[in-house]
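*Asks:* Under the UniProt record's numbering, read the sequence shown as residues 1 to 349, first letter to last. Note that CB positions come from ideal geometry on N, CA and C, so glycine has one too.
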Amino acid sequence: MAAIELAGLRKTYPGGVTALDSVGLSIADGEFFALLGPSGCGKTTLLRTVAGLEAADGGAVRIGGEDVTALPPGRRDVAMVFQDYALFPHMTVSDNIAYPLRIKKVGGAERRAKAAETAGALGLGALLGRRPGELSGGQQQRVALARAMAVRPRAFLLDEPLSNLDARLRLEARTFLKRLQRELRVTCVFVTHDQAEALALADRIAVLEAGRVRQTGTPVEVFRRPANTFVASFIGSTPMNLLDGVVAEDGRVLVGGVPLPAGPHGLAAGERVTFAVRPEYVGLRGTPAPGALPGRVTVVEHLGSTRLVTLDGEAGPVRAVVDEDAPLPAGGTGWVVPRPERVLLYGAD
Ligand code: ADP
Ligand code: MG
Numbered sequence: 001m002a003a004i005e006l007a008g009l010r011k012t013y014p015g016g017v018t019a020l021d022s023v024g025l026s027i028a029d030g031e032f033f034a035l036l037g038p039s040g041c042g043k044t045t046l047l048r049t050v051a052g053l054e055a056a057d058g059g060a061v062r063i064g065g066e067d068v069t070a071l072p073p074g075r076r077d078v079a080m081v082f083q084d085y086a087l088f089p090h091m092t093v094s095d096n097i098a099y100p101l102r103i104k105k106v107g108g109a110e111r112r113a114k115a116a117e118t119a120g121a122l123g124l125g126a127l128l129g130r131r132p133g134e135l136s137g138g139q140q141q142r143v144a145l146a147r148a149m150a151v152r153p154r155a156f157l158l159d160e161p162l163s164n165l166d167a168r169l170r171l172e173a174r175t176f177l178k179r180l181q182r183e184l185r186v187t188c189v190f191v192t193h194d195q196a197e198a199l200a201l202a203d204r205i206a207v208l209e210a211g212r213v214r215q216t217g218t219p220v221e222v223f224r225r226p227a228n229t230f231v232a233s234f235i236g237s238t239p240m241n242l243l244d245g246v247v248a249e250d251g252r253v254l255v256g257g258v259p260l261p262a263g264p265h266g267l268a269a270g271e272r273v274t275f276a277v278r279p280e281y282v283g284l285r286g287t288p289a290p291g292a293l294p295g296r297v298t299v300v301e302h303l304g305s306t307r308l309v310t311l312d313g314e315a316g317p318v319r320a321v322v323d324e325d326a327p328l329p330a331g332g333t334g335w336v337v338p339r340p341e342r343v344l345l346y347g348a349d
């Protein structure tokens with residue numbers, strides 16, 4: 001097991017795409033660390049750079065205190081699990097799992113024993129003789145994990161390992177992966193574009209945008225205190241309300257002409273800000289009140305135990321999550337009341 005240190009990593013592909021723009025991260029030994037960001041932000045490139053499958057144009061990779069920047073993949077002692085699992089279709093589960101051991105010239109009997117032991121730990125004991133084509137998506141994913149685990153690497157690098165599973169299986173596999181990592185206490189770098197997955201699994205998350213780390217923090221930190229509007233809008237299961245505002249003399253923020261309390265902030269009167277509040281952290285009333293933004297109800301979406309209500313107001317659309325059986329405003333106009341302690345203010349960024 002090992003800590004991973006990335007310093008000033010840069011990568012520009014031929015054609016001029018900057019995939020990594022001075023990426024620095026410290027991942028602790030035994031940490032479950034998520035790299036989160038939209039498609040194309042450089043997650044796979046970063047993971048491949050750690051694995052040694054991609055050479056950076058600049059910067060350094062240290063694993064367990066050792067500078068591995070110039071070492072080939074085989075000498076970095078980390079295991080990568082790919083999005084499509086990359087199993088060998090003609091080999092049995094046992095041979096797939098044992099393959100990296102064969103590359104390491106481990107003897108046949110020991111190989112089979114280790115493969116069986118790892119398969120057992122992942123609930124694949126009964127499937128050792130099958131081929132990948134005879135397995136479900138979830139089982140294939142476990143075989144890919146078992147193959148990575150069999151060599152007892154210092155760290156696991158997982159590139160969207162759950163993205164090929166259907167929604168339900170994905171939740172199960174997520175819980176399984178978390179339990180496994182807890183038991184093994186092995187450093188895990190997990191790539192995903194799914195913020196819910198990152199929040200659920202990771203000890204810490206780095207949020208990437210266009211090759212740059214925009215914030216690093218625990219799930220609670222990135223959810224409660226997003227460092228900028230990019231992170232604010234990327235994290236959360238319903239889109240954050242981001243409204244143009246201007247700080248008033250009394251410290252409240254004028255949004256669409258309505259003064260809204262925003263908690264202590266220290267910003268000067270007249271300053272232009274983005275007033276941000278999650279739809280989960282606003283109330284919805286049927287009558288006007290101080291600190292309430294009026295709007296016409298335009299869309300109501302059922303989310304199960306809650307409903308997401310979109311209203312059109314002076315300052316643009318505003319969303320509110322309300323209880324499934326809460327009454328909607330009669331007459332089509334509602335008033336959204338942000339909870340001041342949950343309001344975030346951002347200057348120009
Ligand atoms: P992610 O995994 O976050 O979706 P990638 O690391 O795959 O992002 O890609 C980052 C950027 O680099 C994207 O704009 C992508 O198109 C580009 N890119 C990735 N691989 C190559 C390549 N081999 N050649 C040229 N451009 C690439
Ligand atoms: Mg990718």
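1. How many whole angstroms separate the CB atoms of Arg147 and Asn96, which I take to be in contact at a CB cut-off of 8 Å?
2. Alpha carbon to alpha carbon, how far is Arg296 from Thr333?
3. When the Cα atoms are used, what is the spatial distance from Glu54 to Ala202?
4. Buried or exposed for Gly52, going by 16 or more other Cβ atoms inside 10 Å?
5. Under 8 Å between the Cβ atoms of Val186 and Phe156?
6. Quick check on the DSSP output: the alpha helix (DSSP H) that includes residue 352 runs from which residue to which?
7. Give the residues whose C-beta lies closer than 5 Å to at least one heavy atom of the ligand ADP, in chain order.
8. Between the region 305-316 and the region 259-268, are three or more C-beta pairs nearer than 8 Å?
9. Apart from the five residues just before and just after Glu324, which ones in its own chain have a Cβ nearer than 7 Å to its Cβ?
10. Could you pull out every residue in the same chain whose Cβ sits closer than 7 Å to the Cβ of Arg102, ignoring the five residues on either side in sequence?
11. Pull up the CB-CB distance for Thr92 and Arg62, whole angstroms please, since I reckon it's below 8 Å.
12. Expressed to the nearest angstrom, what Euclidean distance is found between the alpha-carbon atoms of Val23 and Thr45?
13. Locate the alpha helix (DSSP H) running through Ala232, then write down its first and last residues.
14. Just to confirm the assignment: which complete alpha helix (DSSP H) runs, minimum length 4, are found wholly within the region 176-202?
15. Can you give the Cα-Cα distance for Glu117 and Leu171, rounded to whole angstroms?
16. Hey, could you find the ends of the beta strand (DSSP E) Arg296 is sitting in?
17. Given that a residue counts as buried once 16 or more other Cβ atoms are within 10 Å of its Cβ, and exposed if not, what is Glu341?
18. Within a Cβ cutoff of 6 Å, which residues of the same chain sit near Arg48, ignoring the five residues on either side of it in sequence?
*Replies:* Reading it off the structure:
1. 6 Å
2. 4 Å
3. 25 Å
4. buried
5. yes
6. As shown, the chain starts at 1 and ends at 349. That puts residue 352 outside it, with no answer to give.
7. Tyr13, Val17, Ala19, Ser39, Gly40, Cys41, Gly42, Lys43, Thr44, Thr45
8. no
9. Ser305, Thr306, Arg307
10. Arg111
11. Not really, about 37 Å apart at Cβ, beyond 8 Å.
12. 11 Å
13. 229-234
14. 195-201
15. 25 Å
16. 293-302
17. exposed
18. Glu54
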